[in-house]
């Protein structure tokens with residue numbers, strides 16, 4: 022085991038922070054459960070903490086929490102339906118406006134590092150990272166600025182479009198009264214994406230004006246700000262990056278529709294092939310584009326970039342995820358496995374790289 026994974030001869034105390042209050046809450050809990058158990062198999066005193074609900078159900082002494090049975094984990098899988106966030110809010114006894122639940126910041130401050138298994142606007146957008154920076158709490162992954170930029174699909178494209186190929190796009194803020202105008206002036210087919218969602222929540226591929234109107238109405242529920250992106254016909258390929266270097270690419274072939282929320286997280290809904298069966302020159306271009314975006318946005322430790330590769334081999338960059346999923350069906354672990362790295366080794370590598378990045382000596 023790397024010496025960074027030890028502190029004064031002992032294994033690390035790690036909070037795996039998951040859940041939160043975003044539309045990707047369920048995915049986050051699935052990621053966090055698997056990460057926590059993986060780190061515990063490596064000997065670490067890891068515990069799973071729901072960022073929003075906190076430790077309301079923990080009855081022991083806080084100083085003993087890192088010895089809690091099974092690290093406070095429970096069996097968890099991603100439901101087909103997106104979470105009911107109103108129900109989650111109502112279930113918390115503490116009705117404060119804070120997104121941090123009972124004792125969350127206290128226990129994170131007791132840890133040697135916090136493994137961020139959060140996804141979406143509650144944890145992947147830089148706000149949690151900024152909070153931890155101010156409090157001096159080490160955490161995994163990119164810093165607050167790179168996280169915030171990468172969460173905004175429009176801003177990301179603006180920063181990298183001179184260096185990588187991306188589909189044509191425009192960002193629009195709108196209300197119900199703008200929908201008919203947007204439907205008339207938008208070139209079809211196109212992809213409609215909420216500007217700051219992940220896991221393909223709210224994403225639609227539309228081929229006619231009626232479908233575009235429906236997609237825009239749906240996205241009003243996500244804030245009424247979207248990216249309207251040129252539809253590119255091609256192969257969906259994603260590339261993870263670890264320690265600044267790209268891993269082998271992975272091709273996603275949904276059995277029906279496109280790689281939406283259900284196809285991402287329901288076992289068997291999509292065929293995933295790594296390394297992707299593509300010519301070596303395509304692989305080289307994909308890796309170069311991934312590493313370029315990673316550097317341009319100032320990202321750290323690990324991420325996953327999404328592409329559509331056209332029939333001529335052109336990689337069209339779509340977006341980059343700074344806290345990619347770590348669920349049983351997620352892509353980064355599959356890419357790591359392609360180079361001989363187990364899931365447990367991947368989790369520990371992320372911890373070690375992050376400790377180095379945060380300048381933490383253990």
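Numbering (my numbering), first residue to last: 22 to 383.
Ideal placement from N, C-alpha and C gives every residue a C-beta, glycine not left out.
Since the model is a prediction, treat every value here as computed from it, not as a measurement.
{"Item": "Note down the Cα distance separating residue 247 from residue 240, rounded to an integer number of angstroms.", "Value": "7 Å"}
{"Item": "Let me confirm a value: residue 305 is counted as buried when at least 16 other C-beta atoms fall within 10 Å, else exposed. Which label applies?", "Value": "exposed"}
{"Item": "Return the chain-ordered list of same chain residues with a C-beta closer than 7 Å to the C-beta of residue 355, the five sequence neighbours on each side being excluded.", "Value": "271, 293, 295"}
{"Item": "Out of 343, 103, 33, 115, state which residue places its alpha-carbon closest to the alpha-carbon of residue 134.", "Value": "33"}
{"Item": "Considering only residues of the same chain and omitting the five flanking positions on each side of residue 368, which have a CB-CB separation below 7 Å?", "Value": "56, 59, 60"}
{"Item": "Should residue 52 go down as buried or exposed, given a rule of 16 or more other Cβ atoms within 10 Å for buried?", "Value": "buried"}
{"Item": "Of all the beta strand (DSSP E) runs that stay within the bounds of the segment 61-110, which reach a length of 3 or more residues?", "Value": "66-71"}
{"Item": "Taking only three categories from DSSP, how would you classify residue 354?", "Value": "helix"}
{"Item": "Suppose you measure from the CA of residue 337 to the CA of residue 123; what does that come to, to the nearest Å?", "Value": "43 Å"}
{"Item": "Report the three-state DSSP secondary structure of residue 270 (helix, strand or coil).", "Value": "coil"}
{"Item": "Run through the DSSP bridge pairs and tell me what residue 150 is partnered with.", "Value": "According to DSSP, which records beta bridges pairwise, residue 150 is partnered with nothing at all."}
{"Item": "Under 8 Å, do residue 139 and residue 39 count as touching if we go by C-beta distance?", "Value": "yes"}
{"Item": "Would you tell me roughly how many angstroms separate the C-alpha atoms of residue 332 and residue 211, rounded to the nearest one?", "Value": "18 Å"}
{"Item": "Measure the alpha-carbon distance for residue 157 versus residue 237 and round it to whole angstroms.", "Value": "41 Å"}
{"Item": "Whole angstroms are fine: how far does the CA of residue 47 sit from the CA of residue 119?", "Value": "20 Å"}
{"Item": "Ignoring anything shorter than 3 residues, give me the beta strand (DSSP E) runs that lie fully in the segment 185-261, in order along the chain.", "Value": "190-194, 211-215, 225-227, 246-251"}
{"Item": "Along the alpha helix (DSSP H) that carries residue 366, what are the first and last residues, could you check?", "Value": "364-378"}
{"Item": "Which two residues bound the contiguous alpha helix (DSSP H) that contains residue 320?", "Value": "Here residue 320 belongs to no alpha helix (DSSP H), and DSSP marks it neither H nor E."}
{"Item": "Just to check my reading of the structure: residue 128 and residue 224 have Cβ atoms closer than 8 Å, yes? What is that Cβ distance to the nearest angstrom?", "Value": "About 35 Å separates the two Cβ atoms, so there is no contact after all."}
{"Item": "From which residue to which residue does the alpha helix (DSSP H) around residue 174 run?", "Value": "174-181"}
{"Item": "State buried or exposed for residue 345, treating a residue as buried only when at least 16 other CB atoms are found within 10 Å of its CB.", "Value": "buried"}
{"Item": "When the Cα of residue 348 is compared with those of 98, 76, 103, 84, which residue comes out closest?", "Value": "98"}
{"Item": "With a cut-off of 8 Å on the beta carbons, I'd call residue 325 and residue 352 a contact; round off their distance for me.", "Value": "6 Å"}
{"Item": "Would you decide whether residue 229 is buried or exposed? Buried here means 16 or more other CB atoms lie within 10 Å of its CB.", "Value": "exposed"}
{"Item": "Assign residue 379 to buried or exposed, taking buried as 16 or more other Cβ atoms, counted over all protein chains shown, within 10 Å of its Cβ.", "Value": "buried"}
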